[in-house]
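In what follows, a single structure is set out as structure tokens and then discussed.
2 protein chains.
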Amino acid sequence: MHIHEFQQIISEKYKKRDLQRGIPATFMWFIEEVGELATALASKDDKNKEEEFADVFAWLCTLANISDVDLEKACTKYTGNKVKGFKPK
Amino acid sequence: MHIHEFQQIISEKYKKRDLQRGIPATFMWFIEEVGELATALASKDDKNKEEEFADVFAWLCTLANISDVDLEKACTKYTGNKVKGFKPK
């Protein structure tokens, strides 16, 4: 599935409500999911780990939707010849 | 571009170093990027916003790579008939 396609699915399902909620409150939901990912990463529950990765990605798409950012287009930063801004320490 | 394809690009470029760094230290890098996204969301700099979304997604892929999680497969949670675990408040 294309990155853009997934972002679009999230948009169709949730964008209306996401716009009403706004960026700050949506960011708080995103962070809640990031916290759940941290918990999952520290566990041995592979199924839960997979779910939490999906949740963080879905909420990242939500934030992108209400910020008018096309995540797939944004990723060309990494897929072009020059990688900028990524610190591979 | 497919979600899996992007995750693979990040894997080829960085997985060896990512594995050496390990999950806790990589999670800290991920959170640093999440913080930069928060700063970008509060600004009016659209170019920077786009870049920070890409960075957070790239580091999420990194975490998935060293956790043996296929992000595209994980996303079927949202693309099947039943959406589980997503709280669209």
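As you go down the protein sequences, you meet chains P and A in turn.
Under this note's numbering, the first residue of the first sequence carries the number 689, and numbering increases by one thereafter.
Under this note's numbering, the first residue of the second sequence carries the number 689, and numbering increases by one thereafter.
For glycine and all other residues, C-beta sits at the position ideal for the given N, C-alpha and C.
On a predicted model such as this, the values are computed, not experimentally measured, just so you know.
Assuming residue i contacts residue j (C-beta within less than 8 Å), just tell me the rounded distance between them.
{"i": "K703/A", "j": "N753/A", "result": "5 Å"}
{"i": "E760/P", "j": "V744/P", "result": "Their Cβ separation, rounded to whole angstroms, is 17 Å, which puts E760/P and V744/P out of contact at 8 Å."}
{"i": "I767/A", "j": "I691/P", "result": "Before going further, note that residue 767/A is Thr rather than Ile in the sequence given. No, T767/A and I691/P are not in contact; Cβ-Cβ is about 13 Å, not under 8 Å."}
{"i": "A726/A", "j": "F715/P", "result": "6 Å"}
{"i": "K737/P", "j": "L729/P", "result": "7 Å"}
{"i": "S755/P", "j": "I711/P", "result": "7 Å"}
{"i": "A713/P", "j": "E739/A", "result": "Going by Cβ atoms, the distance from A713/P to E739/A rounds to 24 Å, so no, they are not a contact pair."}
Name the one or two DSSP bridge partners that residue i has.
{"i": "H690/A", "result": "H690/P"}
Please classify residue i: does DSSP put it in a helix, a strand, or coil?
{"i": "D641/P", "result": "For residue 641/P there is no data in the structure shown, the boundaries of chain P being 689 and 777."}
{"i": "S699/P", "result": "helix"}
{"i": "D674/P", "result": "The displayed coordinates of chain P run from 689 to 777. Any statement about residue 674/P would go beyond what the structure contains."}
{"i": "C749/P", "result": "helix"}
For this session: Residues of the stretch 728-743 of chain A with a CB closer than 7 Å to any CB of chain P: list them in chain order, please.
Result: Taking 7 Å as the Cβ-Cβ cut-off against chain P, the residues of the stretch 728-743 of chain A that qualify are L729, K737, E738, E739, F741, A742, D743.
Problem set entry | Members of the stretch 758-770 of chain P that neighbour chain A once the beta carbon cut-off is set at 7 Å | L759, E760, A762, C763, K765, Y766, T767
Exercise. Which parts of the stretch 701-728 of chain A are runs of the beta strand (DSSP E), unbroken and 3 residues or longer, counting only runs that do not cross its ends?
Worked result: none
Exercise. Between the stretch 701-712 of chain A and chain P, which residues of the former have a C-beta closer than 9 Å to a C-beta of the latter?
Worked result: K701, Y702, R705, D706, R709, I711, P712
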